[in-house]
Amino acid sequence: MSGGEVNDGEVNDGDNEVRLAGFLVERGALRRTPAGVAVLEARIQHRCEVIEAGLPRTVEFVMGAVALGAVADLLEREALGARLELSGFLAPRTRRSSRLVLHLTAIRSIATGSSRDDQAGS
58 MSGGEVNDGE VNDGDNEVRL AGFLVERGAL RRTPAGVAVL EARIQHRCEV IEAGLPRTVE
118 FVMGAVALGA VADLLEREAL GARLELSGFL APRTRRSSRL VLHLTAIRSI ATGSSRDDQA
178 GS
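Residue numbers (the working numbering): 58 to 179.
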């Protein structure tokens, strides 16, 4: 999709898809919205080696994540320290915040290889 494309009066500046491998290092308590939707906040630790401008670089960070619905229920079952492959999108933590968090749409346990996402009928 090209940047600045307009659809039905809304501007879409491009894709917002993130895939990341990391470790579950912190997890809050599962809560429910007034509508009954499960919500779970977590922190993910990531470390990798990449090549940037022809030079090796180590990238390390801890990032906030939030899961809703079936993904929240499944993430709650993962052990702290679990190695996960995560998919989702970046968005502000709240409407008035500029702090970005990863909104999870799918998780996969790398150790077991089992897939878990909001499309799964589990």
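All C-beta atoms, glycine included, are put in the ideal place defined by N, C-alpha and C.
Just so it is clear, the structure is predicted and the values come from calculations on it, not from any experiment.
Counting only residues of its own chain and dropping the five nearest sequence neighbours on each side, PHE118 has a CB closer than 7 Å to the CB of HIS103.
Annotation: the continuous beta strand (DSSP E) that includes VAL96 extends over 95-109. The beta carbon of ARG84 sits closer than 6 Å to the beta carbons of ALA99 from its chain, once the five residues preceding and following it are set aside; these are given in chain order.
Considering only LEU161, ILE167, SER166, the residue with the shortest C-alpha distance to ASN73 is LEU161.
Shortest Cα-Cα distance from LEU125 to any of LEU159, VAL75, ILE167, GLY79 involves LEU159. Within its own chain, the residues whose Cβ lies closer than 6 Å to the Cβ of VAL123, once the five positions on either side in sequence are excluded, are GLU98, VAL158, HIS160, listed in chain order. Secondary structure of GLU133 (DSSP, three-state): helix.
Rounded to the nearest angstrom, the gap between the Cα atoms of ARG89 and VAL96 is 6 Å.
Remark: C-beta atoms of ARG140 and ILE101 do not approach each other more closely than 8 Å. Note on LEU131: 16 or more other CB atoms within 10 angstroms of its CB, so buried under the neighbour-count rule. For SER144, the enclosing beta strand (DSSP E) covers residues 140-149. Of the residues assessed, LEU147 falls on the exposed side of the cut-off, its CB having fewer than 16 other CB atoms within 10 angstroms.
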